[in-house]
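Below you'll find the structure, written out as structure tokens, and then a few comments.
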Amino acid sequence: MSIVTETPDSPTATGPSREQLEIEDALVYPTGFKRGLVIFSILLCVVFVGLDMTIVAVAVPSLSNQFKQLNDIGWYSASYQLVASCFIFFFARLYTVFPMKTIFLVSMFLFELGSLLCTVAPTSATFILGRAIAGLGSSGIQTGSIVLLTSQLPVHKRPFWTGLVGAGSNIAMVIAPLIGGVLIDAFSWRACFGINLPIGAIASGFVAYAFQMPANPPHEAGLPVVEKFKRLDILGTLVFVPAIVCLLIGLQWGGIKYGWTNARIIVLLVFFPVLIGVFAFMQHRKKEDATLPPRIMTQRSILAGAWYNACSNGILAVTEYYMSIYFQGVRGFSATKSGAMGLPLFAGMAVTALMAGAGTTWMGYYYPFMLISSVLTPIASGLLTTIEYDDTLVKIILLMTFLGAGVGLGLQAPVFAVQTVLPDKDIATGVAITGFTGLLASALFVSVSAVLFQSRLAIEVERYAPGTDRSIFDHGGLVDAREQIGPVRLGAVLSGYDEAVIQTLYIPVALASLSILASVAMERRSVKKTQ
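Sequential numbering of the sequence shown, starting at 1, is according to our numbering.
Below, the structure written as structure tokens:
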């Protein structure tokens with residue numbers, strides 16, 4: 001057996017690069033109780049971020065009833081994803097320049113502050129602000145979790161622990177709808193966000209006490225303060241953030257608040273490519289000091305992982321959002337039962353993600369699981385569009401389990417790819433790139449799906465139940481509207497309601513089909529140190 005020494009760009013490279021192995025030899029990693037406490041804290045962090053990502057879906061009907069703002073439902077998730085998307089690269093640079101422990105704890109504080117605002121929010125606008133601040137914190141936590149984990153473990157041990165962290169996040173997403181439903185029925189929707197506060201406090205305390213950097217790290221902490229801020233590429237961030245904001249606000253408002261030909265929408269959608277073009281030019285000029293160094297951004301596995309992550313996250317975000325609306329709005333389930341009905345999707349995903357992680361550790365390759373996922377997921381997502389408002393629950397449970405299993409097979413592959421093809425000093429940026437595309441896709445497709453759903457709701461309800469007052473959905477909320485419709489027209493209205501949900505679920509079908517491009521493009525690298 002011999003150590004693989006091909007360069008990262010070599011077409012025959014199958015394992016970690018020469019640079020990775022040289023850095024690995026120079027590092028002395030932490031051991032013992034404190035390292036275990038840090039890894040446990042990372043698991044806690046990904047658990048409460050995972051809870052926060054999916055718990056909002058089961059709370060949407062309650063939020064619409066509380067605030068009476070149907071047009072805001074897309075923003076309850078999109079505001080979180082929007083801010084997290086905008087600042088994830090900025091946090092990646094922070095982790096490469098400043099002490100990672102400090103940046104991680106600041107991210108935790110921001111997340112907790114946002115959760116507190118959501119918990120006490122008196123208005124829909126305040127709630128959206130809280131979600132945005134929590135999203136800002138989560139962008140630092142998601143990148144930081146992998147960066148901190150990498151700093152505690154040698155390369156050959158990372159796949160197992162990375163898989164375990166991914167499983168922790170998946171399990172959190174599995175139980176979030178059920179926990180959310182129980183909290184809503186027992187207390188109120190506010191408890192869904194208040195639950196983050198004690199978990200975050202415990203994790204922050206453990207990291208503050210136990211985290212230690214490895215000896216001889218390739219870190220830039222000794223740079224002068226002025227040089228550190230120069231390397232943050234603040235100007236690039238100031239261009240990048242409004243670009244993403246223009247895109248998502250334009251999509252959120254287009255066709256609902258304003259027509260697509262309205263000057264506001266046109267200006268927003270024109271500004272997006274202009275600003276992105278300026279940002280790309282700045283990155284090209286700054287090279288290694290850029291937010292996104294071109295050599296990382298153009299790496300084949302990073303691009304493939306980013307595309308794949310975008311498809312996977314878009315599928316999950318839209319499916320969980322509108323299946324929750326289906327269960328509570330169309331079927332009339334309680335929040336608890338709706339949460340329980342969402343379990344099969346994430347349970348299937350968690351089980352196959354663990355299987356794929358174990359399989360990758362055993363044979364060293366992650367791309368076969370991506371390929372299988374790209375075949376099964378479009379089939380499962382397409383079958384989910386066949387449900388009707390009076391279908392048996394057994395059929396729905398089986399279809400959602402099938403979809404979750406398909407997505408879960410390839411879910412961790414982009415992270416494995418980042419840790420395999422990049423040296424440690426670039427992992428924060430690589431994780432940020434794949435994480436950004438996932439966050440952006442979630443925000444983008446939740447916004448797009450909200451536009452599609454609200455337009456189809458008006459059309460389909462009118463088609464199935466002509467003469468129904470559309471305003472009852474705006475003023476009464478998605479659940480309370482059932483009581484205002486009355487028993488005579490209820491069946492026809494629910495058929496239209498169901499059709500609007502089903503047509504929205506065609507978005508995940510398209511995304512699942514597009515994921516095959518990433519699976520084929522991914523490099524055939526091994527996570528093992530030796531061949």
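Here a beta-carbon is modelled for each residue, glycine too, at the ideal position from N, C-alpha and C. All values derive from a computational prediction rather than experimental measurement.
query: Beta-carbon proximity list for D233, same chain, < 7 angstroms, skipping 5 on both sides; result: R93, K286, D289, A290 and T291
query: Distance between R131 and L384 (C-alpha atoms, nearest Å); result: 29 angstroms
query: E320, buried or exposed, once every other Cβ within 10 Å from all chains shown has been counted against 16; result: buried
query: Residues near I397 by beta carbon distance below 6 angstroms, same chain, minus five either side; result: P344
query: CB-CB length for Q299 against V421, believed under 8 angstroms; result: 6 angstroms
query: Secondary structure of Y464, DSSP reduced to three states; result: helix
query: Boundaries (first-last residue) of the alpha helix (DSSP H) holding N313; result: R300 to I325
query: Boundaries (first-last residue) of the alpha helix (DSSP H) holding Q419; result: A413 to V421
query: Simplified DSSP assignment, three categories, for Y365; result: strand
query: Residue from V120, P177, A512 and A186 whose Cα sits closest to the Cα of M323; result: P177
query: Exposed unless 16 or more other CB atoms sit within 10 angstroms - verdict on E499; result: buried
query: Best match in K337, F369, I133 and G404 for proximity to D186 [C-alpha to C-alpha]; result: Residue identity check: residue 186 is Ala in the sequence provided, not Asp. Minimum Cα distance to A186 is reached at K337.
query: In chain order, each alpha helix (DSSP H) run of at least 4 residues that lies wholly inside the region 95-155; result: 100-120 and 124-152
query: Own chain, CB closer than 8 angstroms to I507, minus 5 neighbours either side, in chain order; result: G314, V318, F445, V448, S449 and L452
query: Distance between V527 and P368 (C-alpha atoms, nearest Å); result: 13 angstroms
query: Whole-angstrom distance between S334 and D391, CA atom to CA atom; result: 17 angstroms
query: Burial state of P122, where buried means 16 or more other Cβ atoms lie within 10 Å; result: exposed
query: Contacts around L235, its chain only, beta-carbon distance under 8 angstroms, and the 5 residues preceding and following it disregarded; result: M282
query: Alpha helix (DSSP H) segment containing R285, residue limits; result: A263 to K286
query: Nearest-angstrom Cα separation, counted from I433 out to A304; result: 11 angstroms
query: Beta-carbon proximity of S519 to M349, cut-off 7 angstroms; result: no
query: F67 and S115 closer than 7 angstroms at C-beta; result: no
query: Inter-residue Cα distance where the pair is T237 and I372; result: 37 angstroms
query: With 16 other Cβ atoms within 10 Å as the buried cut-off, status of F48; result: buried
query: Pairwise C-alpha distance: A263 and L197; result: 42 angstroms
query: Among I128, M53 and A208, the one whose alpha carbon lies nearest that of S79; result: I128
query: Strand pairing of S526, partner residues [DSSP]; result: Y365
query: Which of helix, strand or coil DSSP assigns to G254; result: strand
query: Status (buried if at least 16 other CB within 10 Å, exposed otherwise) for V270; result: exposed
query: Top-ranked residue by Cα proximity to I141, from W362, G364, F98 and I42; result: I42
query: Of the listed residues A521, S145, Y389 and A243, nearest to G50 (C-alpha basis); result: S145
query: Alpha carbon of S85 to alpha carbon of I302, nearest angstrom; result: 17 angstroms
query: Test item: CB-CB of Y566 and V330 under 7 angstroms; result: Residue 566 lies beyond the residue range present for the chain, which begins at 1 and ends at 531; the question has no answer from this structure.
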